[in-house]
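Below is one structure; the comments refer to it alone.
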Amino acid sequence: MAALLGASLMAISPFYIHKRTVDQVLHRLIDIRHAPSRSSMEVVSNICRYYAMSRPTEANVEDETYFKWGNKSEVGVKNKDVQFYESFTYKGVEYFLYDCVYFYQEGDFETSIGKLVRIFETPTHEKKVQVVWLFRPVELRNYLGDYQPHWNELFLACGEGYGVSNVNLVEAIIGKCTVVCTAKDKRNCEAPESDLKMADFFFSCCFDVERLVIVDKFPDVIGGIKVKQFFKRKKVQNDQ
């Protein structure tokens, strides 16, 4: 747990989250994850390793060190003016499809964590990503039952309804993180001990947002994405 940096950070500390009911936190989380994304925001860096987020300016928006698209993948089926990509570089960090990243929105108590499942540019040149969310244990405290999560454990969102996936602007991303799947599923390759030691987080279960329960059986599709994309895979694989 990061040390509190004075009273000014009390409102955004992890300790403050525990003072609220989990229902409030979960509803707030779902509301935020389905609210219209903002094009720019000021971010308070409240946890070590998180990156402060500055507002884009006319000078740096066109700077390739600030943002640059990677390889193109396909165009939209319904809208041919939507261009999908395999990667992009933002503030000097290269992000790829299926990377896990931190998001922050003004008013949040904590960063959100999600997996990038689509990367695209709209006809109006907005840079966007579709995300499937990973919940922190504190967000689900009332639904854990007898389950005792590890401090760095997450729960992959699944089911039908709000809270599984949504679309955000690239500018809401503040950094990358490493999340390893350790599920006992034949479709999931066992992660080596070295990967587990290097990982920031891991998950072995899902949280069904419709039934509000933790499940250890993974569906075939989550947020319109085949579940194999969430599992640990072999180094050499051409699956898309």
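The C-terminal residue of the sequence shown carries number 240 in full-length UniProt numbering, and the numbering is unbroken. By construction, the Cβ of each residue, glycine as well, lies at the ideal position given by its N, Cα and C atoms.
Does the distance from the CB of residue i to the CB of residue j come in under 9 Å?
| i | j | result |
| --- | --- | --- |
| Val129 | Val170 | yes |
| Ile173 | Tyr66 | no |
| residue 278 | Val164 | Residue coverage of the chain in this structure runs from 1 to 240, which leaves residue 278 outside it and unanswerable. |
| Lys176 | Asp99 | yes |
| Ile222 | Cys158 | yes |
| Phe218 | Asp185 | yes |
| Lys231 | Ala183 | As written in the sequence, residue 231 is Phe, which differs from the Lys given in the question. Yes, they are a contact pair. |
| Phe155 | Ile119 | no |
| Glu153 | Phe203 | yes |
| Leu212 | Tyr147 | no |
| Glu160 | Glu210 | yes |
| Gln83 | Glu121 | yes |
| Cys205 | Ala191 | no |
| Val227 | Asp216 | no |
How many whole angstroms separate the CB atoms of residue i and residue j, which I take to be in contact at a CB cut-off of 8 Å?
| i | j | result |
| --- | --- | --- |
| Val179 | Phe201 | 5 Å |
| Lys72 | Tyr85 | 6 Å |
| Ile214 | Val117 | Between Val117 and Ile214 the Cβ distance is about 22 Å, and since that is not below 8 Å, they are no contact. |
Between which two residues does the alpha helix (DSSP H) harbouring residue i extend?
| i | result |
| --- | --- |
| Glu193 | 193-198 |
Hey, could you find the ends of the beta strand (DSSP E) residue i is sitting in?
| i | result |
| --- | --- |
| Leu212 | Where Leu212 is concerned, there is no enclosing beta strand (DSSP E), given that its DSSP letter is neither H nor E. |
| residue 241 | A query on residue 241 cannot be resolved here, the shown segment of the chain reaching from 1 to 240 and no further. |
| Val75 | 72-75 |
| Phe67 | 67-69 |
Going along the chain, which residues of its own chain have a beta-carbon closer than 7 Å to the beta-carbon of residue i, five neighbours each way excluded?
| i | result |
| --- | --- |
| Glu126 | Leu169 |
| residue 257 | Missing from the structure shown is residue 257; the chain here goes from 1 to 240 and no further. |
| Val199 | The residue you asked about is not Val; residue 199 is Ala in the sequence shown. So the qualifying residues of the chain are Thr178, Val179, Val180. |
| His150 | none |
| Gly145 | none |
Identify, in the order they occur along the chain, each residue of the same chain with its Cβ nearer than 8 Å to the Cβ of residue i, setting aside the five sequence neighbours on each side.
| i | result |
| --- | --- |
| Arg38 | Reliability of the predicted coordinates at Arg38 is poor, the pLDDT of 35 falling under 50, and the value obtained from them is presented with this limitation in mind. If we look at Arg38 and ignore the five residues flanking it on each side, its Cβ neighbours are Gln105, Glu106, Leu169, Glu171, Ala172. |
| Leu78 | With the sequence shown as reference, residue 78 is identified as Lys, and Leu is not the correct amino acid for it. Cβ neighbours of Lys78 beyond the five flanking positions: none. |
| Cys189 | Phe231, Lys232, Arg233, Lys234 |
| Pro123 | Asn79, Asp81, Val82 |
| Arg187 | Phe218, Val227, Lys228, Phe231 |
For residue i, which residues from the same chain have a beta carbon less than 6 Å from its beta carbon, with the 5 sequence-adjacent residues on both sides left out?
| i | result |
| --- | --- |
| Val167 | Lys128, Gln130 |
| Glu74 | Phe84 |
| Gly70 | Tyr85, Glu86, Ser87, Phe88 |
With 9 Å set as the bound, which would you pick, yes or no: does the beta-carbon of residue i sit closer than that to a beta-carbon of chain B?
| i | result |
| --- | --- |
| Tyr66 | This model lacks chain B altogether; it includes just one protein chain. |
Unbroken stretches of the beta strand (DSSP E), 3 residues or longer, contained in the UniProt domain "BAH" (93-218): 93-96, 100-103, 112-121, 127-135, 153-158, 165-169, 173-177, 179-181, 201-208, 213-215
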